[in-house]
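Peer 1: The sequence shown begins at 585 in the working numbering and counts up one residue at a time. We put the beta carbon where it would ideally sit given N, CA and C, even for glycine. Since we're looking at a predicted model, the values are computed, not measured.
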Amino acid sequence: MKRQTVRFTINGEARELAVYPNDLLLNVLRDQESLTGTKYGCGIGECGACTVQVDGAPTLSCLKLAVSVDGCKVVTIEGLAKGNQLDPVQEAFLDNSAVQCGFCTPGMVMMGRALLDEKPRPTEQEVRDHMRGSLCRCTGYASIVRAIMVAGEKAELS
Ligand code: FES
Ligand code: FES
Numbered sequence: 585m586k587r588q589t590v591r592f593t594i595n596g597e598a599r600e601l602a603v604y605p606n607d608l609l610l611n612v613l614r615d616q617e618s619l620t621g622t623k624y625g626c627g628i629g630e631c632g633a634c635t636v637q638v639d640g641a642p643t644l645s646c647l648k649l650a651v652s653v654d655g656c657k658v659v660t661i662e663g664l665a666k667g668n669q670l671d672p673v674q675e676a677f678l679d680n681s682a683v684q685c686g687f688c689t690p691g692m693v694m695m696g697r698a699l700l701d702e703k704p705r706p707t708e709q710e711v712r713d714h715m716r717g718s719l720c721r722c723t724g725y726a727s728i729v730r731a732i733m734v735a736g737e738k739a740e741l742s
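1) So what's T643 in DSSP terms, helix, strand or just coil?
2) Please say whether A602 and T589 have beta carbons closer to each other than 8 Å?
3) Between the Cα of D701 and the Cα atoms of G640, E662 and M715, which residue gives the shortest distance?
4) Which residues count as close to ligand 1 when the rule is a CB under 6 Å from any of its heavy atoms, in chain order?
5) When the Cα of M692 is compared with those of S618, T723, S718 and C646, which residue comes out closest?
6) What's the C-alpha gap between G627 and E740?
7) Tell me, to the nearest whole angstrom, how far the beta carbon of A650 is from that of L619; I am working on the premise that it is less than 8 Å.
8) To the nearest angstrom, report how far apart A661 and G736 are at their CA atoms.
9) Do V658 and V636 count as a contact pair if the criterion is CB distance below 8 Å?
10) Is the region 719-736 in contact with the region 675-690, if contact means three or more CB pairs nearer than 8 Å?
Have a look at this one:
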């Protein structure tokens, strides 16, 4: 199998990578780009741990071929903070004890960010509906839902 050249941006930086046609975006991010914040959970689209943004849309990178993001803007958890300033969703996860082992957290934060970009003040039910594809084995979800709602409230007040 021959490699193909794919050009896209990752966290604002232009990249040109040689990938195999069957390389998954998740593996390219982790293994070629060392962006290990994006987690390999189930590998079959069931857990949400591998969520990144592709052209602003939350995307399961374990189900996305790397060749399919040619020309796209990819944002990973490493790209959310602005310098030393964490994204409000990241801050709210810390402030609301929404992190335990942390394995699900990058995917949760990326999903939460996508929701708030679309709907800055979601209801609790809207948060739960939006996050239902993201699994956490530790927190019981209440703190994660609270963190996303707090992030939305704070953004509205600022
Ligand atoms: S690793 Fe992609 S959804 Fe679980
Ligand atoms: S904090 Fe451990 S899986 Fe969510």
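Peer 2: The answer reads as follows:
1) Sequence index remark: in the sequence shown, residue 643 carries index 59 (1-based). T643: strand per DSSP, three-state reduction.
2) Numbered from its first residue, the sequence shown carries residue 589 at position 5. Numbered from its first residue, the sequence shown carries residue 602 at position 18. The answer is yes: Cβ separation under 8 Å.
3) On the sequence shown, position 117 is the one that residue 701 refers to. Of G640, E662 and M715, the residue nearest in Cα terms is G640.
4) Y624, G625, C626, G627, G629, E630, C631, G632, A633, C634, L644 and C646
5) Taking the first residue of the sequence shown as 1, we reach residue 692 at position 108. Of S618, T723, S718 and C646, the residue nearest in Cα terms is S718.
6) If you number the sequence shown from 1, residue 627 lands on position 43. If you number the sequence shown from 1, residue 740 lands on position 156. Going by the C-alpha atoms only, they are around 36 Å apart.
7) Stepping through the sequence shown from its first residue, residue 650 is reached at position 66. Stepping through the sequence shown from its first residue, residue 619 is reached at position 35. No, A650 and L619 are not in contact; Cβ-Cβ is about 13 Å, not under 8 Å.
8) Position 77 of the sequence shown holds residue 661. Position 152 of the sequence shown holds residue 736. Before going on, a small fix: residue 661 reads as Ile here, not Ala. When rounded, the distance between both Cα atoms is 18 Å.
9) For this step, residue 636 is matched to residue 52 along the sequence shown. For this step, residue 658 is matched to residue 74 along the sequence shown. A contact, by the Cβ cut-off of 8 Å.
10) yes
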